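*Asks:* Would you mind keeping the following structure in view while I ask a few things?
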Amino acid sequence: MSARAANAPARGSGTRHAWGRIATVAALLSPLVLGLAALTLGLYPVSTPNVARSLASIAVREVAADVPEIERRLVLDVRLPRVLAALLVGAALAVTGAVFQGIFTNPLVDSNLLGVTSGAGFGAALVLLLGGGGVLVQVSAFAFGLLAVTLAYGGSRLYRSAPTIVLTLMGILIGSLFTSLTSLLKYVADPLDALPAITFWLLGGLNGVGWTHLPLLATLTFAGGAFFVLLRWRLNVLSLGEAEATSLGMHPKRMKLALIAAATLVTAIAVSVGGVIGWVGLVIPHAARLLVGPDHRRLIPMALALGASFLLAIDTVSRALLPSEVPLGVLTGLIGVPILVVLLRRTRTGW
Amino acid sequence: MARLEASSLSYAYVTHTNVVHDVSLHVDAGEILFLLGHNGSGKSSLLGCLAGVLRPTAGNVVLDGVDLATLRPVSRARRVGLIPQVHVAAFAYEVLDVVLMGRAPHLSTFGTPRASDRRIAIEALERVGLDHLRERHYTELSGGERQLVLVARGLAQRCDVLLMDEPDAHLDPRNRHRVLEAVTELARSEGVSFVIASHSPNSALTFADRVLLLRDGRTLASGNVVETLTAPLLESAYDMPLDVVSEVVAGRRVPRAIVARRTRSAQPP
Numbered sequence: 016m017s018a019r020a021a022n023a024p025a026r027g028s029g030t031r032h033a034w035g036r037i038a039t040v041a042a043l044l045s046p047l048v049l050g051l052a053a054l055t056l057g058l059y060p061v062s063t064p065n066v067a068r069s070l071a072s073i074a075v076r077e078v079a080a081d082v083p084e085i086e087r088r089l090v091l092d093v094r095l096p097r098v099l100a101a102l103l104v105g106a107a108l109a110v111t112g113a114v115f116q117g118i119f120t121n122p123l124v125d126s127n128l129l130g131v132t133s134g135a136g137f138g139a140a141l142v143l144l145l146g147g148g149g150v151l152v153q154v155s156a157f158a159f160g161l162l163a164v165t166l167a168y169g170g171s172r173l174y175r176s177a178p179t180i181v182l183t184l185m186g187i188l189i190g191s192l193f194t195s196l197t198s199l200l201k202y203v204a205d206p207l208d209a210l211p212a213i214t215f216w217l218l219g220g221l222n223g224v225g226w227t228h229l230p231l232l233a234t235l236t237f238a239g240g241a242f243f244v245l246l247r248w249r250l251n252v253l254s255l256g257e258a259e260a261t262s263l264g265m266h267p268k269r270m271k272l273a274l275i276a277a278a279t280l281v282t283a284i285a286v287s288v289g290g291v292i293g294w295v296g297l298v299i300p301h302a303a304r305l306l307v308g309p310d311h312r313r314l315i316p317m318a319l320a321l322g323a324s325f326l327l328a329i330d331t332v333s334r335a336l337l338p339s340e341v342p343l344g345v346l347t348g349l350i351g352v353p354i355l356v357v358l359l360r361r362t363r364t365g366w
Numbered sequence: 679m680a681r682l683e684a685s686s687l688s689y690a691y692v693t694h695t696n697v698v699h700d701v702s703l704h705v706d707a708g709e710i711l712f713l714l715g716h717n718g719s720g721k722s723s724l725l726g727c728l729a730g731v732l733r734p735t736a737g738n739v740v741l742d743g744v745d746l747a748t749l750r751p752v753s754r755a756r757r758v759g760l761i762p763q764v765h766v767a768a769f770a771y772e773v774l775d776v777v778l779m780g781r782a783p784h785l786s787t788f789g790t791p792r793a794s795d796r797r798i799a800i801e802a803l804e805r806v807g808l809d810h811l812r813e814r815h816y817t818e819l820s821g822g823e824r825q826l827v828l829v830a831r832g833l834a835q836r837c838d839v840l841l842m843d844e845p846d847a848h849l850d851p852r853n854r855h856r857v858l859e860a861v862t863e864l865a866r867s868e869g870v871s872f873v874i875a876s877h878s879p880n881s882a883l884t885f886a887d888r889v890l891l892l893r894d895g896r897t898l899a900s901g902n903v904v905e906t907l908t909a910p911l912l913e914s915a916y917d918m919p920l921d922v923v924s925e926v927v928a929g930r931r932v933p934r935a936i937v938a939r940r941t942r943s944a945q946p947p
């Protein structure tokens with residue numbers, strides 16, 4: 016091959032990569048920037064310097080000496096936990112969606128494929144029906160989310176070989192089962208008291224999120240995210256299907272089980288805090304693929320960043336700009352569906 | 679380089695019905711062995727057993743005296759590679775990224791390809807003549823180019839034995855020739871052994887050193903190409919009438935399997 020022919024594509028891709036790199040870096044930094052911006056926004060606006068000084072006062076108390084105490088408390092005790100929760104839940108739902116699409120070799124699935132969200136919804140509804148609340152709702156949602164996926168995975172093992180399609184089918188079946196059970200709970204729930212609570216929880220939202228919700232959410236999301244980032248290249252090989260991954264020296268069943276377990280923990284904790292927030296796990300991986308391509312080495316970090324920014328932006332719009340809060344699950348659908356329609360049009364065939 | 683030997687292999691997807699029944703074969707370093715047989719004659723299952731992707735229900739596969747089943751998957755994949763039939767990938771990976779996946783058995787679980795892996799992948803693409811496509815999307819390529827990319831992935835895996843599942847299916851004559859020329863070149867210059875499942879007796883007549891004819895999962899005949907691919911044996915393998923004729927191509931006698939031309943006038947009244 017001549018030197019000119021060898022150089023030409025390299026030069027062309029150089030500029031393409033330069034622009035791509037700028038967009039990529041901007042997207043990766045967006046959660047930080049949007050996070051700071053979101054702290055200033057709300058029904059009670061706080062100026063940027065006061066937000067900065069309030070944040071700094073965590074380390075050095077005196078910095079915020081001339082910031083009104085109400086602003087400092089508002090930023091640190093009300094907005095900061097909510098902003099962090101939005102970032103974490105968004106990142107969790109988006110990255111698990113990307114992981115599920117990779118291991119199921121199907122760009123049209125999301126992290127609810129194995130019924131984790133439906134299970135969690137039932138868990139929350141059960142406690143709300145029995146008059147419980149607070150942490151108990153979260154624990155029950157988390158536990159039933161794990162139970163649903165365990166049932167789906169265990170069900171698929173009843174077949175001699177457990178190919179992906181049987182597992183997918185089991186996930187859909189178990190998901191429908193829990194959705195039906197949830198409907199049954201709503202049917203028998205007290206229409207003045209428990210029913211609105213259940214309905215409201217199922218629509219998703221982060222109002223009422225406080226510091227108590229964060230430690231477990233942050234731990235699982237960071238641990239799961241790190242696990243997915245470490246396995247980012249193996250996800251490429253896994254997405255070829257089990258037979259090819261085996262011929263390339265992998266234990267695809269073992270690795271899939273580990274990834275499904277990690278993704279389920281991360282999704283379950285996100286749903287237990289934020290309720291049923293759809294579309295993030297489907298839309299964001301596609302948006303990330305449009306930016307950086309399907310290679311999971313770049314896709315996984317991008318899905319984490321975009322998911323965090325997307326959910327924070329939507330939650331902030333709902334919290335600060337709309338006259339009254341609209342449930343997150345409703346907004347992500349209203350905004351996510353048109354975005355997905357555009358993305359599916361623009362993405363290459365075959366993803 | 680290595681010798682792969684399979685003795686009395688059987689394989690069954692469901693118990694009682696063997697799709698491969700008591701098949702033995704061997705391939706030496708630098709040798710090209712073709713597997714021929716009708717649809718469902720057990721070629722792909724046999725390749726799966728040889729690759730260690732399927733666990734044979736009886737018999738074993740031995741690589742240089744070591745039973746393949748005793749090797750860890752990673753060690754096995756460094757020595758034996760399987761090049762699958764052309765497929766459409768679910769994701770539009772770049773060609774170079776697809777070839778890089780051949781490096782999987784050489785990398786740690788949490789590792790990603792390094793510069794040296796990239797060099798090996800680019801070299802493999804150059805070998806099959808597709809270096810200029812390295813930034814294209816795998817899904818946008820023609821069937822022939824995709825097959826060549828999968829061959830390059832097999833090369834990047836740096837195995838001693840490469841198993842190919844119908845590399846000449848879906849390919850036009852030019853691309854079929856490109857793939858099989860690349861195979862011959864690798865066998866001759868690097869001593870890589872090839873086991874190639876194919877539906878084309880003529881590809882075998884041109885490129886194979888030896889051939890194994892399968893019928894209903896059993897060995898019908900095996901050995902030297904010209905002695906094995908005779909009209910009676912091929913008729914029995916495919917259960918149809920055909921002839922093997924000798925043509926003189928570029929001064930060499932080349933046998934060809936043919937079916938008599940059916941024209942309107944040749945039809946019985």
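The listed protein sequences derive, respectively, from chains A and B.
All residue numbers for the first sequence refer to this note's numbering, where the first residue is 16 and numbers rise by one.
All residue numbers for the second sequence refer to this note's numbering, where the first residue is 679 and numbers rise by one.
Glycine included, each C-beta is placed from N, C-alpha and C at the ideal position.
Predicted, not measured: the structure shown is a model, and the values here were computed from it.
Does the beta carbon of Leu760 (chain B) come closer than 8 Å to any beta carbon on chain A?
*Replies:* The residue you call residue 760 (chain B) lines up with position 82 of the second sequence. Chain A, which has a Cβ nearer than 8 Å to the Cβ of Leu760 (chain B), makes this yes.
*Asks:* May I have the straight-line CA-CA distance separating Val776 (chain B) from Thr165 (chain A), to the nearest angstrom?
*Replies:* Position 98 of the second sequence, counted from the first residue, corresponds to residue 776 (chain B). Position 150 of the first sequence, counted from the first residue, corresponds to residue 165 (chain A). Between Val776 (chain B) and Thr165 (chain A), the C-alpha separation is close to 33 Å.
*Asks:* Is Ala799 (chain B) buried or exposed, if buried means 16 or more other CB atoms sit within 10 Å of its CB?
*Replies:* Looking up residue 799 (chain B) in the second sequence gives position 121. So Ala799 (chain B) ends up on the buried side.
*Asks:* Give a yes or no on whether 8 Å exceeds the smallest Cβ distance from Val698 (chain B) to chain A.
*Replies:* The sequence position of residue 698 (chain B) within the second sequence is 20, counting from 1. Not closer than 8 Å to any Cβ of chain A, the Cβ of Val698 (chain B) fails to qualify, so no.
*Asks:* If you draw a straight line from the alpha carbon of Leu326 (chain A) to that of Val181 (chain A), how long is it in whole angstroms?
*Replies:* On the first sequence, position 311 is the one that residue 326 (chain A) refers to. On the first sequence, position 166 is the one that residue 181 (chain A) refers to. Roughly 32 Å between the two C-alpha positions.
*Asks:* Give every residue of the same chain whose Cβ lies closer than 8 Å to the Cβ of Arg312 (chain A), excluding the five residues on either side of it in the sequence, and list them in chain order.
*Replies:* On the first sequence, residue 312 (chain A) is found 297 positions in, with the first residue counted as 1. So the list reads Arg247, Trp248 and Asn251, once near-sequence residues are dropped.
*Asks:* According to DSSP, simplified to helix, strand and coil, what is Met270 (chain A)?
*Replies:* On the first sequence, residue 270 (chain A) is found 255 positions in, with the first residue counted as 1. Correct three-state label for Met270 (chain A): helix.
*Asks:* Helix, strand or coil: which one does DSSP assign to Arg893 (chain B)?
*Replies:* Counting from 1 along the second sequence, the entry for residue 893 (chain B) is found at position 215. Three-state result, Arg893 (chain B): strand.
*Asks:* Tell me the start and end of each unbroken alpha helix (DSSP H) in the region 734 to 783 of chain B that is at least 4 residues and wholly inside, in chain order.
*Replies:* Runs found: 751 to 757 and 773 to 778.
*Asks:* Tell me whether Leu911 (chain B) sits in a helix, a strand or coil according to DSSP, three-state version.
*Replies:* Your numbering for residue 911 (chain B) matches position 233 in the second sequence. In this structure, Leu911 (chain B) counts as helix in the three-state DSSP scheme.
*Asks:* Go through its chain and collect everything with a Cβ distance to Ser28 (chain A)'s Cβ below 7 Å, but skip five positions before and after it.
*Replies:* By one-based count along the first sequence, residue 28 (chain A) stands at place 13. In this prediction, Ser28 (chain A) scores a pLDDT of 48, lower than 50, which makes its location untrustworthy; no coordinate-derived value is stated.
*Asks:* What are the complete alpha helix (DSSP H) segments, minimum 4 residues, inside the region 155 to 230 of chain A?
*Replies:* The region 155 to 230 of chain A contains these whole alpha helix (DSSP H) runs: 179 to 203 and 209 to 218.
*Asks:* Just to confirm the assignment, what range does the beta strand (DSSP E) spanning Val926 (chain B) have?
*Replies:* In the second sequence, the residue the question calls residue 926 (chain B) occupies position 248. Taken as a continuous stretch (DSSP letters only), the beta strand (DSSP E) holding Val926 (chain B) covers Asp921 to Val927.
*Asks:* Determine whether the Cβ of Glu772 (chain B) lies closer than 8 Å to any Cβ atom of chain A.
*Replies:* Your numbering for residue 772 (chain B) matches position 94 in the second sequence. With 8 Å as the cut-off, Glu772 (chain B) counts as an interface residue toward chain A.
*Asks:* Which residues in chain B sit within 7 Å of Leu173 (chain A), going by Cβ to Cβ distance?
*Replies:* Taking the first sequence and counting its residues from 1, one reaches residue 173 (chain A) at position 158. Those do not exist, as Leu173 (chain A) stays about 16 Å from chain B at its closest Cβ, beyond 7 Å.
*Asks:* Under DSSP, the beta strand (DSSP E) around Met842 (chain B) begins and ends at which residues?
*Replies:* Taking the second sequence and counting its residues from 1, one reaches residue 842 (chain B) at position 164. Element bounds for Met842 (chain B): Val839 to Asp843.
*Asks:* Give me the Cα-Cα distance between Ser686 (chain B) and Leu890 (chain B), rounded to the nearest whole angstrom.
*Replies:* If you number the second sequence from 1, residue 686 (chain B) lands on position 8. If you number the second sequence from 1, residue 890 (chain B) lands on position 212. So the two alpha carbons sit approximately 14 Å from each other.
*Asks:* Grab me the residues of Thr908 (chain B)'s own chain with a C-beta within less than 7 Å of its C-beta, minus the 5 sequence neighbours each way, in chain order.
*Replies:* In the second sequence, counting from the first residue as 1, residue 908 (chain B) sits at position 230. Taken in chain order, the residues that qualify are Val922.
*Asks:* How far does the beta strand (DSSP E) with Asp700 (chain B) in it extend, from its first residue to its last?
*Replies:* What you label residue 700 (chain B) is simply residue 22 of the second sequence in a count that begins at 1. Here the beta strand (DSSP E) through Asp700 (chain B) covers Val698 to Val705.
*Asks:* Would you mind telling me which residues of chain A sit closer than 8 Å to Met779 (chain B), beta carbon to beta carbon, in chain order?
*Replies:* Locating residue 779 (chain B) in the second sequence gives position 101, counting from the first residue. Here the neighbours are Asn251, Val252, Leu255 and Leu263.
*Asks:* Please go through the same chain and pick out, in chain order, the residues whose beta-carbon is closer than 7 Å to the beta-carbon of Tyr691 (chain B), but skip the five residues on each side of it.
*Replies:* As a first step, residue 691 (chain B) is located in the second sequence; it is residue number 13 there, counting from the start. Taken in chain order, the residues that qualify are Val697.
*Asks:* Find the nearest neighbour of Leu255 (chain A) within the set B:Val764, B:Leu749 and B:Tyr689, judged by alpha-carbon distance.
*Replies:* Translated into the one-based positions of the first sequence, residue 255 (chain A) becomes position 240. Among B:Val764, B:Leu749 and B:Tyr689, the Cα nearest to that of Leu255 (chain A) is on B:Val764.
*Asks:* Can you list, in chain order, the residues of its chain with a C-beta nearer than 6 Å to that of Trp216 (chain A)? Leave out the 5 residues immediately preceding and following it.
*Replies:* Here residue 216 (chain A) refers to the residue found at position 201 when the first sequence is read from its first residue. Cβ neighbours of Trp216 (chain A) beyond the five flanking positions: Ala139 and Gly290.
*Asks:* Can you check whether the CB of Ala680 (chain B) is closer than 8 Å to the CB of Gly737 (chain B)?
*Replies:* The residue labelled residue 737 (chain B) in the question sits at position 59 within the second sequence. The residue labelled residue 680 (chain B) in the question sits at position 2 within the second sequence. No; because the gap between Cβ atoms is not below 8 Å, this pair is not in contact.
*Asks:* Answer yes or no: do Leu358 (chain A) and His301 (chain A) have a C-beta to C-beta separation smaller than 8 Å?
*Replies:* Sequence index remark: in the first sequence, residue 358 (chain A) carries index 343 (1-based). Sequence index remark: in the first sequence, residue 301 (chain A) carries index 286 (1-based). Cβ atoms of Leu358 (chain A) and His301 (chain A): closer than 8 Å.
*Asks:* Could you give the first and the last residue of the continuous beta strand (DSSP E) run that contains Leu714 (chain B)?
*Replies:* Your numbering for residue 714 (chain B) matches position 36 in the second sequence. Note, Leu714 (chain B): beta strand (DSSP E), Ile710 to Gly715.
*Asks:* Exposed or buried, which one is Phe872 (chain B) when buried takes at least 16 other CB atoms within 10 Å?
*Replies:* The residue given as residue 872 (chain B) occupies position 194 in the second sequence. Buried is the call here.
*Asks:* Roughly how many angstroms separate the alpha carbons of Arg754 (chain B) and Ala860 (chain B), rounded to a whole number?
*Replies:* Looking up residue 754 (chain B) in the second sequence gives position 76. Looking up residue 860 (chain B) in the second sequence gives position 182. Each residue's Cα considered, the two are about 24 Å apart.
*Asks:* Is the beta carbon of Leu253 (chain A) less than 8 Å from the beta carbon of Pro267 (chain A)?
*Replies:* Within the first sequence, residue 253 (chain A) is the residue found at index 238, counting from 1. Within the first sequence, residue 267 (chain A) is the residue found at index 252, counting from 1. Yes.
*Asks:* Within 10 angstroms of its Cβ, does Gly296 (chain A) collect 16 or more other Cβ (buried), or is it exposed?
*Replies:* Numbered from 1 along the first sequence, position 281 holds the residue referred to as residue 296 (chain A). By the 10 Å Cβ count, Gly296 (chain A) comes out buried.
*Asks:* Looking only at its own chain, which residues have a Cβ that is under 6 Å from the Cβ of Arg756 (chain B), when we skip the five neighbours before and after it?
*Replies:* Taking the first residue of the second sequence as position 1, residue 756 (chain B) is located at position 78. Excluding sequence neighbours, Arg756 (chain B) sits near Pro783.
*Asks:* Checking the sheet assignment: what are the DSSP bridge partners for Asn902 (chain B)?
*Replies:* Position 224 of the second sequence, counting from 1, holds the residue named residue 902 (chain B). According to DSSP, Asn902 (chain B) bridges with B:Arg888.
*Asks:* Beta-carbon within less than 7 Å of Ala23 (chain A)'s beta-carbon, same chain only, minus the 5 sequence neighbours each way: which residues are those?
*Replies:* Translated into the one-based positions of the first sequence, residue 23 (chain A) becomes position 8. Any reading at Ala23 (chain A) is ruled out, since the residue's pLDDT is 37, under 50, leaving its predicted position unreliable.
*Asks:* In chain order, which continuous runs of the alpha helix (DSSP H) of length 4 or greater are located wholly inside the region 331 to 366 of chain A?
*Replies:* Listed in chain order, they are 343 to 361.
*Asks:* Mind listing which residues of the region 110 to 128 of chain A have their C-beta closer than 7 Å to chain B's C-betas, in chain order?
*Replies:* Flagged, chain order: Thr120, Asn121 and Pro122.
*Asks:* Report the residues of the region 76 to 101 of chain A with a CB closer than 8 Å to any CB of chain B, ordered along the chain.
*Replies:* Of all residues in the region 76 to 101 of chain A, none has a Cβ within less than 8 Å of some Cβ in chain B.
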